[in-house]
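Peer 1: Protein chains in written order, with this note's numbering: chain G, 6 to 205; chain B, 6 to 205; chain X, 6 to 205.
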Amino acid sequence: MYFLDLFGIAVFAITGSLVAGKKQMDFFGVIVIATVTGVGGGTIRDIILGQTPVFWIQNPTYLYVTVTFALATIIFARFFNSYHRWLVILDAFGLALFTIMGVEKTLSLGFSPEIAVIMGTVTGCCGGMVRDVLCGEIPLIMQKEIYATAALSGGIIFALVDGVGWGNLWFVMGSMLWIFFFRLAAIRWELSLPTFSLEE
Amino acid sequence: MYFLDLFGIAVFAITGSLVAGKKQMDFFGVIVIATVTGVGGGTIRDIILGQTPVFWIQNPTYLYVTVTFALATIIFARFFNSYHRWLVILDAFGLALFTIMGVEKTLSLGFSPEIAVIMGTVTGCCGGMVRDVLCGEIPLIMQKEIYATAALSGGIIFALVDGVGWGNLWFVMGSMLWIFFFRLAAIRWELSLPTFSLEE
Amino acid sequence: MYFLDLFGIAVFAITGSLVAGKKQMDFFGVIVIATVTGVGGGTIRDIILGQTPVFWIQNPTYLYVTVTFALATIIFARFFNSYHRWLVILDAFGLALFTIMGVEKTLSLGFSPEIAVIMGTVTGCCGGMVRDVLCGEIPLIMQKEIYATAALSGGIIFALVDGVGWGNLWFVMGSMLWIFFFRLAAIRWELSLPTFSLEE
Chain G
6 MYFLDLFGIA VFAITGSLVA GKKQMDFFGV IVIATVTGVG GGTIRDIILG
56 QTPVFWIQNP TYLYVTVTFA LATIIFARFF NSYHRWLVIL DAFGLALFTI
106 MGVEKTLSLG FSPEIAVIMG TVTGCCGGMV RDVLCGEIPL IMQKEIYATA
156 ALSGGIIFAL VDGVGWGNLW FVMGSMLWIF FFRLAAIRWE LSLPTFSLEE
Chain B
6 MYFLDLFGIA VFAITGSLVA GKKQMDFFGV IVIATVTGVG GGTIRDIILG
56 QTPVFWIQNP TYLYVTVTFA LATIIFARFF NSYHRWLVIL DAFGLALFTI
106 MGVEKTLSLG FSPEIAVIMG TVTGCCGGMV RDVLCGEIPL IMQKEIYATA
156 ALSGGIIFAL VDGVGWGNLW FVMGSMLWIF FFRLAAIRWE LSLPTFSLEE
Chain X
6 MYFLDLFGIA VFAITGSLVA GKKQMDFFGV IVIATVTGVG GGTIRDIILG
56 QTPVFWIQNP TYLYVTVTFA LATIIFARFF NSYHRWLVIL DAFGLALFTI
106 MGVEKTLSLG FSPEIAVIMG TVTGCCGGMV RDVLCGEIPL IMQKEIYATA
156 ALSGGIIFAL VDGVGWGNLW FVMGSMLWIF FFRLAAIRWE LSLPTFSLEE
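(1) Using beta carbons (cut-off 8 Å, strictly below), is B:F17 in contact with chain G?
(2) Tell me, to the nearest whole angstrom, how far the beta carbon of B:G160 is from that of B:G46; I am working on the premise that it is less than 8 Å.
(3) Throw me the rounded Cβ distance for the G:R193 and G:G107 pair, which I believe falls under 8 Å.
(4) G:F32 to X:F201, Cα distance in whole Å?
(5) Can you name the residues of chain X whose CB is closer than 8 Å to the CB of B:E109?
(6) Would DSSP call X:T40 helix, strand or coil?
(7) Could you pull out every residue in the same chain whose Cβ sits closer than 7 Å to the Cβ of G:A15, ignoring the five residues on either side in sequence?
(8) Do you know whose CA, among B:F103, B:F163, B:I53, B:T48, lies nearest X:T57's CA?
(9) Check whether the Cβ of G:S113 lies closer than 8 Å to any Cβ atom in chain B.
(10) Look up B:T200 in the DSSP assignment and give the residues it is bridged to.
(11) Which chain A residues are close to X:P65, counting only those with a beta carbon under 9 Å from its beta carbon?
(12) Measuring only between beta-carbons, confirm whether B:I62 sits less than 8 Å from chain X.
(13) Which one of G:E150, G:S22, G:A18 has the shortest CA to CA distance from X:L203?
(14) Considering only the alpha carbon of each residue, which of G:L9, G:F17, G:G13 lies closest to G:D137?
(15) At which residues does the alpha helix (DSSP H) containing G:W175 begin and terminate?
(16) Among G:I79, G:G55, G:T48, G:L76, which has the Cα closest to the Cα of G:N64?
(17) Below 8 Å on the Cβ atoms is my guess for B:T104 versus B:G129; work out the distance and round it to an integer in Å.
(18) Specify the secondary structure class of G:I79 as computed by DSSP and reduced to three states.
(19) Quick one: give me the first and last residue of the alpha helix (DSSP H) that B:S113 is part of.
(20) Inspect the beta-carbon positions of B:I162 and B:W175 and report whether they are closer than 8 Å.
(21) Closest Cβ-Cβ distance between X:L54 and chain G: below 8 Å?
(22) Residues of chain G with CB closer than 8 Å to the CB of X:A39, please, in chain order.
(23) Is the CB-CB distance between X:E150 and X:S117 below 8 Å?
(24) Can you name the start and end residues of the alpha helix (DSSP H) that G:S117 belongs to?
(25) Taking 8 Å as the cut-off, decide whether the C-beta atoms of G:Y88 and G:A82 are in contact.
(26) Identify, in the order they occur along the chain, each residue of the same chain with its Cβ nearer than 8 Å to the Cβ of X:G99, setting aside the five sequence neighbours on each side.
(27) Does B:P58 get closer than 8 Å to chain G when you measure Cβ to Cβ?
(28) Taking all protein chains shown into account, do 16 or more other C-beta atoms lie within 10 angstroms of the C-beta of B:M178, making it buried, or fewer, making it exposed?
(29) Just to confirm the assignment, what range does the alpha helix (DSSP H) spanning G:T154 have?
(30) Would G:V24 pass as a contact of G:I38 if the rule is Cβ separation under 8 Å?
(31) With X:A77 and X:F185 assumed to form a contact (beta carbons below 8 Å), what rounded beta-carbon distance in angstroms separates them?
(32) What does the alpha-carbon distance come out to for the pair X:L114 and B:R188?
(33) Just verifying my parser: in three-state terms, what is the DSSP assignment at G:G141?
(34) Pull up the CB-CB distance for G:T126 and G:L157, whole angstroms please, since I reckon it's below 8 Å.
(35) Does X:A153 get closer than 8 Å to chain G when you measure Cβ to Cβ?
(36) When you compare the CB of X:S22 with every CB in chain G, is at least one pair closer than 8 Å?
Structure follows, in structure tokens:
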């Protein structure tokens, strides 16, 4: 689980660096945005649950990962084109990883399944939200296509399966894949929920 | 007190849903904004005071209330017109309820009256501020008419009365009504404080 | 150290009041922005490190300082011109004070030097960032000239010196002066880091 966690942080750090690059930030700004994106969701989760000092204070490896992947993105991004596609795919991947890791961590602290599903969704969605707000972009979560609903539904599946005692690594992977493909399908076919609109 | 608290959360959840509807959000977005508006002020208060896990983790009823009232707003809003008037009145009502509940909760944890008044104002104002920032609106608190000053003055009255040992349910109600009518009067007659302006 | 801390809070409260005045806020809004700017960085540090209730709850003197200096700024700002120059100099001074005080406080709580440097940078930069976001300005930290890098480098110097047991008041002053003059030099000669830019 620890390596999946580091992997998710690396993935979100890359998305943060790409959005920062789109805004022509300097190298230090790129590292800051990569770090906030990578550890932001988990930090908000830990603060709400009272698990302080937050996770990256106890193990600075997380920060070395975000700095390393920010620098790697600065160096290697030039060899890729269509970075927007990469951004969307990596963001969906990070969303899937972080949501399930968030549910798992909250359950393992002894909280109820409902709270675990909510904190998983917070873990998955908030890093990217803070990234977009700091960079002056409209948060992906506010855009038309399904985003948080994918995270929430995957979290519910995982919590249910875990609740009946079937939880194992295959179900972890299965719930992550559900979120990942649900989100990509939502982009591909422009799936969206009905909207509530009030006229002025 | 518990029912007053749920009532305040329901009222703020409705205001969150109305602002979200003005922005044509999808159903899930409406639920998220309703929840953040309903529990945001109290969450920030609990985090600053070190009362974690925050209040809604220990009792998920709060979240069922926000989801229920978000869905109710989506269904029933069409039967009302002039939703802006409702938004202003309900927001004033939520401000009054949450400020006094925040003062009361902080005092009951053993903090000083000064801190209680400040945390009451935070509880009352922050939910609506986060709602407006997430929806891309100018926060009501930044607008011309008196807002936080109404909350602060009501909180001071309540803390003084409580300090001399007169605190009872009538004084709770009285301080709430003070805030509610002060805020509505400020809108009706455009009451505002003097401004500080520096020329460029 | 306590007086240096109060001094830093007073300095940041003045910068907050100046930015609020530029936005024609009312007196209460000026006090709120002054307070958030003065205590914001330390509050975020305390929450992340789990030091709650946060520092100003335990000692409301900090809040009396921000209110006093907000009112003093409202009264005396008219006697100065070129307030933008004052804003930049005071902001650099607050950055220097808060970064080193943040490193010192984190070290004294027993955290590692790496974490102390990061939390020092957070303490120094976040108050001004929140000020700028609430006032709808582009954060100074996002602008071209070196800002957080000055804080970070001063924090590293201080942590290294402290680590070899040389820490005394002269080194505290020396690291603060390093940050202060590095930041002012960056503005004067437009020093900036290379940027990372991705084309759309």
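Here a beta-carbon is modelled for each residue, glycine too, at the ideal position from N, C-alpha and C.
Peer 2: The short version:
(1) Locating residue 17 of chain B in the second sequence gives position 12, counting from the first residue. Not one chain G Cβ lies under 8 Å of B:F17.
(2) As a first step, residue 160 of chain B must be located in the second sequence, where it is residue number 155. As a first step, residue 46 of chain B must be located in the second sequence, where it is residue number 41. Going by Cβ atoms, the distance from B:G160 to B:G46 rounds to 13 Å, so no, they are not a contact pair.
(3) Translated into positions along the first sequence, residue 193 of chain G becomes position 188. Translated into positions along the first sequence, residue 107 of chain G becomes position 102. No, G:R193 and G:G107 are not in contact; Cβ-Cβ is about 25 Å, not under 8 Å.
(4) Numbered from 1 along the first sequence, position 27 holds the residue referred to as residue 32 of chain G. Numbered from 1 along the third sequence, position 196 holds the residue referred to as residue 201 of chain X. Cα to Cα, the separation comes out at about 6 Å.
(5) For the purposes of this step, residue 109 of chain B is identified with residue 104 of the second sequence, where counting begins at 1. Under the 8 Å cutoff, chain X gives no residues; its nearest Cβ is about 17 Å from B:E109.
(6) Translated into the one-based positions of the third sequence, residue 40 of chain X becomes position 35. The answer is helix: DSSP assigns X:T40 an H, G or I state.
(7) Taking the first sequence and counting its residues from 1, the one referred to as residue 15 of chain G is at position 10. Hits under 7 Å: V70, F74.
(8) Position 52 of the third sequence, counted from the first residue, corresponds to residue 57 of chain X. The shortest C-alpha separation from X:T57 is found at B:I53.
(9) To locate residue 113 of chain G, count along the first sequence from 1; it is residue 108. No, G:S113 lies away from the interface with chain B (no Cβ there is under 8 Å from its Cβ).
(10) Within the second sequence, numbered from 1, the residue matching residue 200 of chain B stands at position 195. B:T200 pairs with X:D31.
(11) Of the protein chains in this structure, namely G, B and X, none is chain A.
(12) As a position in the second sequence, residue 62 of chain B is number 57, starting the count at 1. So no, B:I62 is outside the interface.
(13) Residue 203 of chain X sits at position 198 when you count from the first residue of the third sequence. For X:L203, the nearest C-alpha among the options comes from G:S22.
(14) Residue numbering aside, residue 137 of chain G sits at position 132 when the first sequence is read from its first letter. Residue G:F17 is the option with its Cα nearest to G:D137.
(15) Counted from its first residue, the first sequence places residue 175 of chain G at position 170. Unbroken alpha helix (DSSP H) run through G:W175: 174-193.
(16) Translated into positions along the first sequence, residue 64 of chain G becomes position 59. The option with the nearest alpha carbon to G:N64 is G:T48.
(17) As a first step, residue 104 of chain B must be located in the second sequence, where it is residue number 99. As a first step, residue 129 of chain B must be located in the second sequence, where it is residue number 124. Right, their Cβ atoms sit about 3 Å apart.
(18) Stepping through the first sequence from its first residue, residue 79 of chain G is reached at position 74. Three-state result, G:I79: helix.
(19) As a working mapping, residue 113 of chain B is identified with position 108 in the second sequence. B:S113 -> alpha helix (DSSP H) spans 88-113.
(20) For the purposes of this step, residue 162 of chain B is taken as the residue at position 157 of the second sequence. For the purposes of this step, residue 175 of chain B is taken as the residue at position 170 of the second sequence. No, the Cβ-Cβ distance between B:I162 and B:W175 is not below 8 Å.
(21) Numbered from its first residue, the third sequence carries residue 54 of chain X at position 49. True, the Cβ-Cβ gap to chain G drops below 8 Å.
(22) Translated into positions along the third sequence, residue 39 of chain X becomes position 34. The contacting residues do not exist; X:A39 stays about 23 Å from chain G at best.
(23) Residue 150 of chain X sits at position 145 when you count from the first residue of the third sequence. Residue 117 of chain X sits at position 112 when you count from the first residue of the third sequence. The answer is no: Cβ separation not under 8 Å.
(24) Residue numbering aside, residue 117 of chain G sits at position 112 when the first sequence is read from its first letter. Counting along the chain, G:S117 falls outside any alpha helix (DSSP H), and DSSP gives it neither H nor E.
(25) The residue you call residue 88 of chain G lines up with position 83 of the first sequence. The residue you call residue 82 of chain G lines up with position 77 of the first sequence. Yes, the pair counts as a contact, with Cβ atoms nearer than the cut-off.
(26) By one-based count along the third sequence, residue 99 of chain X stands at place 94. G13, V16, F17, T20, G129, G132, G133, listed in sequence order.
(27) Taking the first residue of the second sequence as position 1, residue 58 of chain B is located at position 53. Yes, because at least one Cβ of chain G sits closer than 8 Å to the Cβ of B:P58.
(28) Translated into the one-based positions of the second sequence, residue 178 of chain B becomes position 173. Exposed.
(29) Indexing the first sequence from 1 puts residue 154 of chain G at position 149. Here the alpha helix (DSSP H) through G:T154 covers 153-168.
(30) Position 19 of the first sequence, counted from the start, is the residue given in the question as residue 24 of chain G. Position 33 of the first sequence, counted from the start, is the residue given in the question as residue 38 of chain G. Yes, the pair counts as a contact, with Cβ atoms nearer than the cut-off.
(31) Taking the third sequence and counting its residues from 1, one reaches residue 77 of chain X at position 72. Taking the third sequence and counting its residues from 1, one reaches residue 185 of chain X at position 180. Rounded, the Cβ-Cβ distance is 22 Å, inconsistent with contact.
(32) Sequence index remark: in the third sequence, residue 114 of chain X carries index 109 (1-based). Sequence index remark: in the second sequence, residue 188 of chain B carries index 183 (1-based). One C-alpha to the other measures close to 44 Å.
(33) Reading the first sequence from its first residue, position 136 is the one you call residue 141 of chain G. Coil at G:G141, not helix or strand.
(34) Here residue 126 of chain G refers to the residue found at position 121 of the first sequence. Here residue 157 of chain G refers to the residue found at position 152 of the first sequence. So it is a contact: roughly 5 Å between Cβ atoms.
(35) On the third sequence, position 148 is the one that residue 153 of chain X refers to. Yes, contact with chain G.
(36) Stepping through the third sequence from its first residue, residue 22 of chain X is reached at position 17. Answer no: the Cβ-Cβ gap between X:S22 and chain G never drops below 8 Å.
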